[in-house]
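Peer 1: Once you know that position 429 of the sequence shown is 454 in this note's numbering, the rest is easy, because the numbers rise by one and skip nothing.
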Amino acid sequence: FLIIASILYLSTSSFGQNQNVSQGPVFDGEPYLTVNPSNSQHMVVAWIGYKFLQILTINTSVTFDGGTTWSTPIDIAHSISGYQSADPCLEFDGSGNVFVAYVDYNPAIDSGSVYCRKSTDGGLTWGADVPVIGMHSDPNKRALDRPWINIDRSGGAFDGNIYITTMNASTMTPVTPPYHPYVTRSINGGISFEPWSYLDTATFLSGSLISSPMPTPTISSNGTFYAIYPSYVPTQSSSAQLLLATSTDGGASYNHNVAYQVSNGVTDSLSKKAGLLRADPSDTNHLVMLSVLATYGDADVFINESYNKGATWSAATRVNDDPIGNNRMQDLVWADFDLDGDLVVSWRDRRNGSDSSYETSSEIWGAIRLKDSANFSPNFRISDTLVAYDTVLAANGNDFMCIKFVNDTLNAVWGDVRSGTLDIWYNRIGLDGTILSANKLNSAPLLTASIYPNPSSSTFTIERNKITQIDIYNQGGKIVFTKKHTHPKNSIIIVLDGYAKGVYFIKITTTEGVLTKKVIKH
């Protein structure tokens, strides 16, 4: 995120067609996607957007119909006027609340913090910002870069715990070694966060040679918290290592072990080589680690697995199925399990590019491995277009992707430059390859509507110009009412006699766009 600011100052797949989900005027970057565990049709996306006089903001958009339509993006307010934001990540808790964590900082990079906000209406609006860890919380370390958020939904003793990990912001800023991965937690639903702690510890230190030791966290279905982080300390090991921190007591304490001795061998400095850790929700013993390695001469996607909670790991196995040693780079790996234990891995793929460099045409590809299967499926394209390289992709944060795999359905968001600027694209694919929806999130001006009285025991009046359709969803995501208008209306009365008391979401389609509002029937 520290490089993005300087850049801005200067500034037919077999699976169907993708559409742009952001349409930002300069760029939209680092998209992050989350899916409501109680309603797979309800998703929220966050990304970094550019806004005049605000430089960088976090935008969010919501869908209640499985990605067919998305709400008009909203900006998350800065904590301090003149700040800018970056590095968003999202997660639902088990009660349908959604949380966003992000960095908000002074463009001079001398102050700022990671913040967390909660939404109780599915991501349509966001509550107050809650500080998590600050620029100077650990003096001279700048411990606030690239937050990741995980929430315990196990139903166990620590259900609802919120964990946020960070690392040193060493890029373009002076940071005093040694360097550390960090973790903080909230045990009160995001009202406040406890004091931070180091994820590394004596004999399992990250060290002074890896200046941004990013931890990647995950939580198993029994509530065990894991985070893997890089280390290179010659007195600990003669080679670089990936170390695993494990907490079985809700983040109160951690045990450590060596996960893997690794030298990725990737020499291209632009390659996005960060690894990823995931826990199998169908097997509390099973963890997977995805990496980018140059074992065969060019960068490929590899998987290592543990079937004993990270105590030992398998050898690395190649995931992408283009010819071995074909002089083509793959990077930007992501992955997700569904509840059955099926696994999807995705990455940026250059098998159809012209050379081995980062600076060549690319696509987004993926592979699926079903539960208990020994092998991945043949690779498939997630994006539909071979996109030419653009120099904007050389800046940190200006390329990113995120996938969620739910009920045998893959939801993917990524950034690419096919439209001349960096935009966010969304695709929803069934396990059989069927395109279920594809969209480009829209950064048009925020649409508004008035609904009153709200709450109401029966009757709601909706006022908004040029209404063409009203859809009402219950909290489970089921449509309970639909009304189309051949001739656009400016005022509509909805009567919910006979409907159960509770929260409903009204999707208002107009000739100018779509917006969603929450109403309460009492």
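Positions of the beta carbon are idealized from the N, C-alpha and C atoms, including for glycine.
Because the structure is a prediction, the values reported are computed rather than measured.
For Thr85 versus Ile105, is the C-beta distance shorter than 9 Å?
Peer 2: Here residue 85 is taken as the residue at index 60 of the sequence shown, counted from 1. Here residue 105 is taken as the residue at index 80 of the sequence shown, counted from 1. Cβ distance not < 9 Å, so Thr85 and Ile105 don't count as in contact.
Peer 1: Taking the alpha-carbon of Phe485 as reference, which of Ile495, Ile519 and Asn464 has the nearest alpha-carbon?
Peer 2: Within the sequence shown, the letter at position 460 stands for residue 485. Considering only alpha carbons, the answer is Ile519.
Peer 1: How far does the beta strand (DSSP E) with Ser597 in it reach, from first residue to last?
Peer 2: Residue 597 lies beyond the stretch modelled for the chain, which goes from 26 to 547, so this question has no answer here.
Peer 1: Output the residue ranges of the beta strand (DSSP E) runs that lie fully inside the region 272 to 342 and measure 3 residues or longer, sorted by chain position.
Peer 2: If we require 3 residues or more, the beta strand (DSSP E) runs fully inside the region 272 to 342 come out as 280 to 286, 301 to 304, 312 to 318 and 325 to 331.
Peer 1: If you draw a straight line from the C-alpha of Tyr223 to the C-alpha of Ala194, how long is it?
Peer 2: On the sequence shown, residue 223 is found 198 positions in, with the first residue counted as 1. On the sequence shown, residue 194 is found 169 positions in, with the first residue counted as 1. Approximately 15 Å between the Cα atoms of the pair.
Peer 1: Could you tell me the boundaries of the beta strand (DSSP E) in which Ser371 lies?
Peer 2: As a position in the sequence shown, residue 371 is number 346, starting the count at 1. First-last of the beta strand (DSSP E) with Ser371: Leu368 to Asp374.
Peer 1: If I follow the unbroken beta strand (DSSP E) through Met426, where does it start and stop?
Peer 2: One-based indexing of the sequence shown puts residue 426 at position 401. Residues Met426 to Val431.
Peer 1: Can you tell me which residues form a DSSP beta bridge with Arg210?
Peer 2: Stepping through the sequence shown from its first residue, residue 210 is reached at position 185. Tyr188, per the DSSP bridge assignment.
Peer 1: Using only alpha-carbon positions, find the residue among Tyr498, Tyr524 and Phe506 that is nearest to Gly91.
Peer 2: Residue mapping note: residue 91 aligns to position 66 of the sequence shown, counting from 1. Comparing Cα-Cα distances from Gly91 to each of Tyr498, Tyr524 and Phe506, the minimum goes to Tyr498.
Peer 1: Within the same chain, show all residues whose beta-carbon is closer than 7 Å to that of Asn213, passing over the 5 residues directly before and after it, in chain order.
Peer 2: The residue labelled residue 213 in the question sits at position 188 within the sequence shown. Taken in chain order, the list of residues that qualify is empty.
Peer 1: Going straight from the alpha carbon of Asn122 to that of Gly147, what length do you get?
Peer 2: Start at 1 with the first residue of the sequence shown, and residue 122 comes out as number 97. Start at 1 with the first residue of the sequence shown, and residue 147 comes out as number 122. If you take the alpha carbons of Asn122 and Gly147, they lie about 6 Å apart.
Peer 1: Count the C-beta pairs between the region 285 to 301 and the region 252 to 264 that are closer than 8 Å, then say yes if the count reaches three, no if not.
Peer 2: As far as the Cβ criterion goes, the region 285 to 301 touches the region 252 to 264, which means the pair count is three or higher.
Peer 1: Go ahead and label Val505 buried or exposed: buried means 16 or more other beta carbons lie within 10 angstroms of its beta carbon, across all protein chains shown.
Peer 2: Residue 505 sits at position 480 when you count from the first residue of the sequence shown. Looking at its Cβ environment, which holds fewer than 16 other Cβ atoms inside 10 Å, Val505 is exposed.
Peer 1: In the structure shown, what three-state DSSP assignment does Leu58 receive?
Peer 2: Mapped onto the sequence shown, residue 58 falls at position 33. Leu58: strand per DSSP, three-state reduction.
Peer 1: Along the chain, where does the beta strand (DSSP E) that runs through Ala399 open and close?
Peer 2: Along the sequence shown, one-based indexing puts residue 399 at 374. Unbroken run through Ala399: none, as it is neither H nor E.
Peer 1: Please classify Ala474: does DSSP put it in a helix, a strand, or coil?
Peer 2: Here residue 474 refers to the residue found at position 449 of the sequence shown. Note: Ala474 maps to coil in three-state DSSP.
Peer 1: Asn64 bridges to which residues according to DSSP?
Peer 2: As a first step, residue 64 is located in the sequence shown; it is residue number 39 there, counting from the start. The partner list for Asn64 (beta bridge, DSSP) reads Asn61.
Peer 1: My guess is that Leu312 and Ala304 are in contact by the Cβ rule of under 8 Å, so how many angstroms apart are they, rounded?
Peer 2: On the sequence shown, residue 312 is found 287 positions in, with the first residue counted as 1. On the sequence shown, residue 304 is found 279 positions in, with the first residue counted as 1. Indeed they touch by this definition, with Cβ atoms about 6 Å apart.
Peer 1: Does any CB atom of chain B fall closer than 9 Å to the CB of Ile105?
Peer 2: Structure shown: chain B not included; a single protein chain is present.
Peer 1: How would you call Thr243, buried or exposed, if buried means at least 16 neighbouring beta carbons within 10 angstroms?
Peer 2: To locate residue 243, count along the sequence shown from 1; it is residue 218. Per the 10 Å Cβ criterion, buried.
Peer 1: Buried or exposed for His547, please, with buried defined as at least 16 other CB atoms from any protein chain shown within 10 angstroms of its CB.
Peer 2: Translated into positions along the sequence shown, residue 547 becomes position 522. By the 10 Å Cβ count, His547 comes out exposed.
Peer 1: Just mark Asn165 as buried or exposed, buried being the case when its beta carbon has 16 or more other beta carbons within 10 Å.
Peer 2: As a working mapping, residue 165 is identified with position 140 in the sequence shown. Exposed: under 16 other Cβ atoms inside 10 Å.
Peer 1: In this structure, does DSSP put Thr249 in helix, strand or coil?
Peer 2: In the sequence shown, counting from the first residue as 1, residue 249 sits at position 224. The answer is coil: DSSP assigns Thr249 none of H, G, I, E or B.
Peer 1: Of the residues Trp439, Gly455 and Thr196, which one's Cα is nearest the Cα of Asn432?
Peer 2: Taking the sequence shown and counting its residues from 1, one reaches residue 432 at position 407. Checking every option, the nearest Cα to that of Asn432 belongs to Gly455.
Peer 1: Mark Tyr321 as exposed unless 16 or more other C-beta atoms lie within 10 angstroms of its C-beta, in which case mark it buried.
Peer 2: Indexing the sequence shown from 1 puts residue 321 at position 296. Label assigned to Tyr321: exposed.
Peer 1: Mind checking which residues open and close the beta strand (DSSP E) that includes Lys503?
Peer 2: Mapped onto the sequence shown, residue 503 falls at position 478. No beta strand (DSSP E) holds Lys503; DSSP gives it neither H nor E.
Peer 1: On the DSSP letters alone, give me the boundaries of the beta strand (DSSP E) that Gly391 sits inside.
Peer 2: Start at 1 with the first residue of the sequence shown, and residue 391 comes out as number 366. From DSSP, the beta strand (DSSP E) with Gly391 extends over Glu388 to Arg394.
Peer 1: With distances taken Cα to Cα, identify the nearest neighbour of Tyr188 among Val157, Arg167, Ser63 and Tyr383.
Peer 2: Reading the sequence shown from its first residue, position 163 is the one you call residue 188. For the residues Val157, Arg167, Ser63 and Tyr383, the minimum Cα distance to Tyr188 belongs to Val157.
Peer 1: Does the Cβ-Cβ distance between Arg373 and Trp439 come in under 9 Å?
Peer 2: Translated into the one-based positions of the sequence shown, residue 373 becomes position 348. Translated into the one-based positions of the sequence shown, residue 439 becomes position 414. Cβ atoms of Arg373 and Trp439: closer than 9 Å.
Peer 1: The beta strand (DSSP E) spanning Gln355 covers which residue range?
Peer 2: Taking the first residue of the sequence shown as 1, we reach residue 355 at position 330. Per DSSP, Gln355 belongs to the beta strand (DSSP E) from Gln355 to Phe362.
Peer 1: Would you identify the three-state DSSP class for Ala419, choosing helix, strand or coil?
Peer 2: One-based indexing of the sequence shown puts residue 419 at position 394. Helix, per DSSP.
Peer 1: For Phe89, which of helix, strand or coil comes out of DSSP?
Peer 2: Here residue 89 refers to the residue found at position 64 when the sequence shown is read from its first residue. Coil, per DSSP.
Peer 1: Below 8 Å, is the gap between the Cβ of Gln66 and the nearest heavy atom of the ligand ADP?
Peer 2: Only the bare structure without any ligand can be found here, which leaves the ligand ADP out of the picture.
Peer 1: Helix, strand or coil for Lys526 per DSSP?
Peer 2: Here the question's residue 526 lines up with position 501 in the sequence shown. Correct three-state label for Lys526: coil.
Peer 1: What does the alpha-carbon distance come out to for the pair Val544 and Ser294?
Peer 2: The residue you call residue 544 lines up with position 519 of the sequence shown. The residue you call residue 294 lines up with position 269 of the sequence shown. If you take the alpha carbons of Val544 and Ser294, they lie about 50 Å apart.
Peer 1: If you reduce the DSSP assignment to three classes, tell me which class Glu488 lands in.
Peer 2: Your numbering for residue 488 matches position 463 in the sequence shown. Three-state result, Glu488: strand.
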